[in-house]
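A.B. asks: Sharing a structure here in structure tokens format.
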Amino acid sequence: MQERLKRLDVILGIHPESPYQVMEKALKRAPKDIISDLIDSGLKGRGGAGFLTGLKWKFAAAADGDEKFVVCNADEGEPGTFKDREILTLVPKKVLAGMGICAYVIGARKGYIYLRGEYKYLVPHLEREIAEFHKNCFKLELDFNIEIFLGSGAYVCGEETALLNSMEGFRGEPRNKPPFPTNDGYLGKPTVVNNVETLVSAQVVSRIGVEEFKKLGIQDSHGSKLFSVSGDTPRPGIYDLEFGLSLDEFVREFGDGDTKAVQVGGASGFCVPRKKFQSTTIGFPGGLTGDSLPTGGSMMIFNSSRSMYNVLRNYLDFFEEESCGQCTPCRIGCQQLKVGIEAVKRGDKDPEYLQQLLKLTDTMKITAKCGLGQSVANSFSSIVDNFREEMIY
Amino acid sequence: MESIKNIISVKINGIDVSIEKGTTILEAARKINVRIPTLCHHEDLCVAGNCRVCVVEVEGAKNLTASCAAPCEQNMVIKTNTPKVRSARKDLIALLVSEHNTQCTTCYRSTNCELQALASEYNVDNNTYLSVLKPGIQVDRSSWSIEKDDSKCVRCQRCVRTCAELQHVNAITVAHKGKDMKISTFMDLPMNEVVCVNCGQCIIHCPTGALTERRYFDDIWEAIGDEKKHVVINTAPSVRVAIGEMLGYAPGAHVTGKMVAALKKIGFDSVLDTNYTADLTIVEEGTELLGRLKSKIKDEDDSVALPMITSCSPGWVKFIEHMYPEHLAHLSTCKSPQQMFGALAKTYYAEKIGVKPENIVSVAAMPCAAKKFEANRPEMKSSGYQDIDAGLTTREIGHMIKQAGIDFSEISDSDFDSIMGDSTGAAIIFGATGGVMEAALRTAYELITGRDVPFDRLNIEPVRGLEGIKHAAVKLENCLEAYSFLEGVELRVAVAHGLKNARVIMDQIKDGTSPYHFIEIMACPGGCIGGGGQPIPTNDKVRMERIKAIYEDDADCKLRKSHENPEIKQIYDEFLKDGPLGHKSHKLLHTHYTKRNRY
């Protein structure tokens, strides 16, 4: 894997200043300055929802609570995403330092890494790193302790409130929002839940400063981002790329010369057909990822041998299994979308039925309880709209 | 000033509303009589926000908002009835219908189903979507009390929240995820093998026909049609204040006379009163309590279990058997009024009217689902036959009256038959939480002191009402000679309803910190008037109306103390002979309990 990484060096690189030195430097500053730096940097959550990280920390710092928590969301489950695994394998100190800075800023004494169940093999490695981290905290007089919590394999637990329920021993079902975790999170206490990569990026802001950070990327999408490239590509792997890349450039770099479509943001993201590569930019305004789901940065490339019907059906198979099942639009909507396209394909339903299904995705988008149900519409409508004939014939 | 700070204002459909901070959009809308449809919402339960039917538009929000779960914020602009909202709701209802067994014509809950009502209101086309109802769903009829039909489940989780929050039983829970998500039991076991206490609260909180009581009325029709059978029915106190709701009356309507008349018209050979055995329970249980107090206080026998706890509620009895099996000695050994009635119907009553007990079919009209289980407990055969052949719910009785073609509003009042039809006000109040305690105190205090219980007009207000746990204390002074050992004792009592509250009481006993001598526990919130066999909907407003009717009935009675019931005096003279807790009453009117597992 490693030789396939395109080094932009921001996230996965080795730097003269070690992550714990970055943390030490940060701990000498006032928390409010770190927060305002983060806000100025424009860093947005790398899990997919793209919420301003600085604001999240600010809310948690301002919230009343005798106890606060930092949770690192490492429940990487979005189909086609595998970058958090690499971060935790290659640069865990950066993640831990990011957590340490966050703990200092919001006043947390306890942190958790919610680790995807399938990444269990990383536990010994991470535990060694955490032990070393604790020694550094002791030296820096930071009263902060991190524990690993292993998930059990439900995709929805990447949604932050479902993740908190799971940690508390309840079913992994998203909660009603508000209240938000920054006020009412783990055990009802103010909690910051950040994606692995977000924590690294927060640490990057501390290391290189706001100005340097803002030089990376484009307006509204600053910094670099890890992309998990998979599918019909001669160069699958993880790439540290700046925001602002057009999909056309991306395909020229990674495609196999026969690229038909790119699924940006995994199953909960958007499918872009060739005719739109030029006009699509990778970054938050262009719809980098889906909405509020575990992991951003999944790039799946499909060439002309692929049936987009099968691709969509595959996603719907995934969603009807991985919906938590509590809310009507998501639980039943996902099933309906799947049986619906099957019926159209078989000829049991007229092609017009696809309009009914598109209307259903509109309903799901505006009524589902969490990002999972809301973002099923993304892949469905972008595939059905762009590859309608493949759905029918 | 403090309260003014907590008042915020919002605009709902153009109308300004001032509400307290923390009020949900749904509650705010109800304040100005704007109805927002709901399905997973229930006044008794915590917010779930999972059916999404209550969505509304909030200005500035990208998505629609579930009004049951969203608190109002200052200056929020809310619209509850826009094309976007209506279209989304209709779509959601169509989805629920597509997952539902829509054979409404044959559903027990038809016309009393919240999904059916919504689908009709929104004119949902059954064919909007393909059916995704799982094929081959079997109805779980393993329990004596409860039928579970997953094909009619809308996954609102009201039953799950009921079982967990109100009852602390957790017999049913959510299992699996995604398309396979369903309401299930521990290890998917049938209902009769799990900790279910049969209280039926899940039934009265279910919006559809997914959870219903197991129906026995067809068997009863058979028996009524059989010339050889003598079919008797005893009706519980809380049924008479609720049965009206099944037949078009408002909650709390007084329809006792009509109910008796309708049951006679249905063809029951004799319509008798559970109140009679409620009075008998008080005499037996009061005697038992005095006996325990005597052993403990006078004889200093520490093996005697105090506090003593009532045993009228079969849901509660199964709860303690499962959850606190090591504390069964605290339960009164008295059978419930239903089972006392059953034991006497096939002995005393059979003798009196000269019918062979094997030809008697003994039916109970109950507010309860657990009474069905209780009737089938193996130990409930002290007459030599199954003491109660069937326990029917208030809802089943309502159905029978309809099936018989009786015009309930036109029918004239009738009186209970005799014998075993006389009762006092003390028995009527068994139907409300605190009623057994009040009845017991009226009798016990008088037995001990020879005087009326020292409360205005015998109304022991501290044990009335819907507060979860209620307490009272009565100082015993100038006791009669036989009870001189109680002189100066402050008799401390408590009343709990809803098993969540029972747990609090039991944990005190477990810890050895219970300060009480006598405790009344009812499984259902509100007591029997809120029982799992009562008309749907049941909520606090309805409970209060039924309770009001109960106390009005009590106040109207000439006799308001159980021991004054002339038929009770008669049975001790003629049949039970050696008094309360005597040999015969021990055999017929008392029982024992079974230790069960916690899972």
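Sequences listed follow chains V and P, in order.
In terms of the working numbering, the numbers along the first sequence are unbroken and rise by one, the last being 500.
In terms of the working numbering, the numbers along the second sequence are unbroken and rise by one, the last being 621.
For each residue, glycine too, the CB sits at the ideal point set by N, CA and C.
1) Rounded to whole angstroms, what's the CA-CA distance from G36/P to G44/P? Just pull it up for me.
2) Return the residues of the stretch 472-483 of chain V that lie within a Cβ-Cβ distance of less than 8 Å from chain P, sorted by chain order.
3) Could you tell me which chain P residues have their CB closer than 8 Å to the CB of Q433/V, listed as they occur along the chain?
4) Please state whether the Cβ-Cβ distance between E121/P and V154/P is less than 7 Å.
5) When Cβ atoms are compared, which residues of the stretch 417-449 of chain V fall closer than 8 Å to chain P?
6) Cβ closer than 7 Å: which chain P residues qualify as neighbours of R278/V?
7) Please state whether the Cβ-Cβ distance between K466/V and A484/V is less than 7 Å.
8) With a Cβ-Cβ cutoff of 7 Å, do I408/V and T340/V count as a contact?
9) Give the C-beta separation of P557/P and G420/P to the nearest angstrom, bearing in mind that I take them to be a contact with Cβ-Cβ under 8 Å.
10) For L354/V and S412/V, what's the separation of their Cα atoms in angstroms?
11) Using 8 Å for Cβ pairs, my map puts G443/P next to L294/P. What's the rounded Cβ distance?
12) Among K200/V, N243/V and P285/V, whose alpha-carbon lies nearest the alpha-carbon of Q310/V?
13) Any contact between the stretch 376-384 of chain P and the stretch 273-287 of chain P? By contact I mean 3 or more CB pairs, one from each, below 8 Å.
14) Anyone know if the C-beta pair for L311/P and F540/P falls short of 7 Å?
15) Judging by CA-CA distance, which residue of N500/P, K492/P, R565/P and T278/P is the nearest neighbour of A516/P?
16) Tell me, please, whether the CB atom of N283/V is closer than 7 Å to any CB atom in chain P?
17) Return the first residue and the last residue of the beta strand (DSSP E) that Y221/V is part of.
18) Name the chain P residues whose beta carbon is nearer than 9 Å to that of A156/V?
19) Check P273/P in the structure and name its three-state DSSP category.
20) Following the continuous beta strand (DSSP E) through D347/V, name the residue where it begins and the one where it ends.
21) If you count every other CB in all the chains shown that lies within 10 Å of the CB of L328/P, and 16 or more means buried, which is it?
22) Which parts of the stretch 392-432 of chain P are runs of the beta strand (DSSP E), unbroken and 3 residues or longer, counting only runs that do not cross its ends?
23) From the DSSP secondary-structure annotation, give me the bridge partner or partners of G338/V.
24) Starting from E542/P, trace the alpha helix (DSSP H) both ways and give me its first and last residue.
25) Since I believe W166/P is in contact with F395/P (beta carbons under 8 Å), could you give me their beta-carbon distance rounded to a whole number of angstroms?
26) Could you tell me the distance, in whole angstroms, from the CA atom of E267/P to the CA atom of A577/P?
27) Can you pull the DSSP bridge partners for P602/P?
28) How about P547/P and G520/P: do their beta carbons lie closer than 7 Å?
29) May I ask you to list, following chain order, the residues of the stretch 99-124 of chain P that have a beta carbon less than 8 Å from some beta carbon of chain V?
30) Does V475/P come out as helix, strand or coil in the three-state DSSP assignment?
31) State the DSSP-derived secondary structure class of A495/P, mapped to helix, strand or coil.
32) How would you list, in chain order, the residues of chain P whose beta-carbon sits under 8 Å from the beta-carbon of A374/V?
33) With a threshold of 7 Å between beta-carbons, can V32/P be considered close to chain V, or not?
34) Return the CA-CA distance between T60/P and R177/P, expressed in angstroms with no decimal places.
35) Going by alpha carbons, who is nearest to D437/P out of V39/P, E489/P and V282/P?
36) Is the Cβ of T268/V closer than 7 Å to any Cβ of chain P?
C.D. replies: Looking at the coordinates:
1) Locating residue 36/P in the second sequence gives position 14, where the first residue counts as 1. Locating residue 44/P in the second sequence gives position 22, where the first residue counts as 1. Spanning the two alpha carbons is a distance of roughly 21 Å.
2) K472, I473, T474, A475, K476 and Q481
3) Position 326 of the first sequence, counting from 1, holds the residue named residue 433/V. Those within 8 Å of Q433/V in chain P are A70, N72, R177, Q179, V196 and M203.
4) Here residue 121/P is taken as the residue at index 99 of the second sequence, counted from 1. Here residue 154/P is taken as the residue at index 132 of the second sequence, counted from 1. Against a cut-off of 7 Å, the Cβ pair of V154/P and E121/P comes out as a contact.
5) F426, E427, E428, E429, S430, C431, G432, Q433, C434, T435, P436, R438, I439, G440, C441, Q442, Q443, V446 and G447
6) The sequence position of residue 278/V within the first sequence is 171, counting from 1. Here the neighbours are V196.
7) For the purposes of this step, residue 466/V is taken as the residue at position 359 of the first sequence. For the purposes of this step, residue 484/V is taken as the residue at position 377 of the first sequence. No, Cβ-Cβ distance for K466/V and A484/V is not below 7 Å.
8) As a first step, residue 408/V is located in the first sequence; it is residue number 301 there, counting from the start. As a first step, residue 340/V is located in the first sequence; it is residue number 233 there, counting from the start. Yes, these two residues count as a Cβ contact at 7 Å.
9) Start at 1 with the first residue of the second sequence, and residue 557/P comes out as number 535. Start at 1 with the first residue of the second sequence, and residue 420/P comes out as number 398. The pair is a contact, with the Cβ atoms about 7 Å apart (cut-off 8 Å).
10) Walking along the first sequence from the start, residue 354/V turns up at place 247. Walking along the first sequence from the start, residue 412/V turns up at place 305. For L354/V and S412/V, the distance between alpha carbons rounds to 20 Å.
11) Stepping through the second sequence from its first residue, residue 443/P is reached at position 421. Stepping through the second sequence from its first residue, residue 294/P is reached at position 272. Right, their Cβ atoms sit about 5 Å apart.
12) The sequence position of residue 310/V within the first sequence is 203, counting from 1. Nearest option by C-alpha distance: K200/V.
13) no
14) Numbered from 1 along the second sequence, position 289 holds the residue referred to as residue 311/P. Numbered from 1 along the second sequence, position 518 holds the residue referred to as residue 540/P. It is a contact, given that the beta carbons lie within the stated cut-off.
15) Your numbering for residue 516/P matches position 494 in the second sequence. Closest option to A516/P, Cα to Cα, is K492/P.
16) Numbered from its first residue, the first sequence carries residue 283/V at position 176. It does; some Cβ of chain P falls within 7 Å.
17) Translated into the one-based positions of the first sequence, residue 221/V becomes position 114. Per DSSP, Y221/V belongs to the beta strand (DSSP E) from K217 to L222.
18) As a working note, residue 156/V is residue 49 in the first sequence. What A156/V touches in chain P: nothing, since even the nearest Cβ is about 12 Å away.
19) Position 251 of the second sequence holds residue 273/P. P273/P: coil per DSSP, three-state reduction.
20) Taking the first sequence and counting its residues from 1, one reaches residue 347/V at position 240. Per DSSP, D347/V belongs to the beta strand (DSSP E) from G344 to E349.
21) Position 306 of the second sequence, counting from 1, holds the residue named residue 328/P. When all chains shown are included, L328/P counts as buried.
22) 412-415
23) Here residue 338/V refers to the residue found at position 231 of the first sequence. DSSP, once it has assigned bridges, lists I408/V as partnering G338/V.
24) Residue mapping note: residue 542/P aligns to position 520 of the second sequence, counting from 1. Here E542/P belongs to no alpha helix (DSSP H); instead the beta strand (DSSP E) covers F540 to M544.
25) Position 373 of the second sequence, counting from 1, holds the residue named residue 395/P. Position 144 of the second sequence, counting from 1, holds the residue named residue 166/P. So it is a contact: roughly 4 Å between Cβ atoms.
26) Along the second sequence, read from residue 1 onward, the residue named residue 267/P stands at position 245. Along the second sequence, read from residue 1 onward, the residue named residue 577/P stands at position 555. If I take the Cα positions, the gap works out to 22 Å.
27) The sequence position of residue 602/P within the second sequence is 580, counting from 1. Beta-bridge pairing links P602/P to no other residue.
28) For this step, residue 547/P is matched to residue 525 along the second sequence. For this step, residue 520/P is matched to residue 498 along the second sequence. For P547/P and G520/P, yes; Cβs fall inside 7 Å.
29) K106, S109, A110, D113, L114, L117, L118, S120 and E121
30) If you number the second sequence from 1, residue 475/P lands on position 453. Coil.
31) To locate residue 495/P, count along the second sequence from 1; it is residue 473. Reduced to three states, the DSSP call for A495/P is strand.
32) Here residue 374/V refers to the residue found at position 267 of the first sequence. Per Cβ cutoff of 8 Å: no residues; A374/V is ~13 Å from chain P at best.
33) Numbered from 1 along the second sequence, position 10 holds the residue referred to as residue 32/P. Closer than 7 Å: no.
34) The residue labelled residue 60/P in the question sits at position 38 within the second sequence. The residue labelled residue 177/P in the question sits at position 155 within the second sequence. Taking the straight line from one Cα to the other gives about 13 Å.
35) Position 415 of the second sequence, counted from the first residue, corresponds to residue 437/P. Closest by alpha carbon: V282/P.
36) What you label residue 268/V is simply residue 161 of the first sequence in a count that begins at 1. Not one chain P Cβ lies under 7 Å of T268/V.
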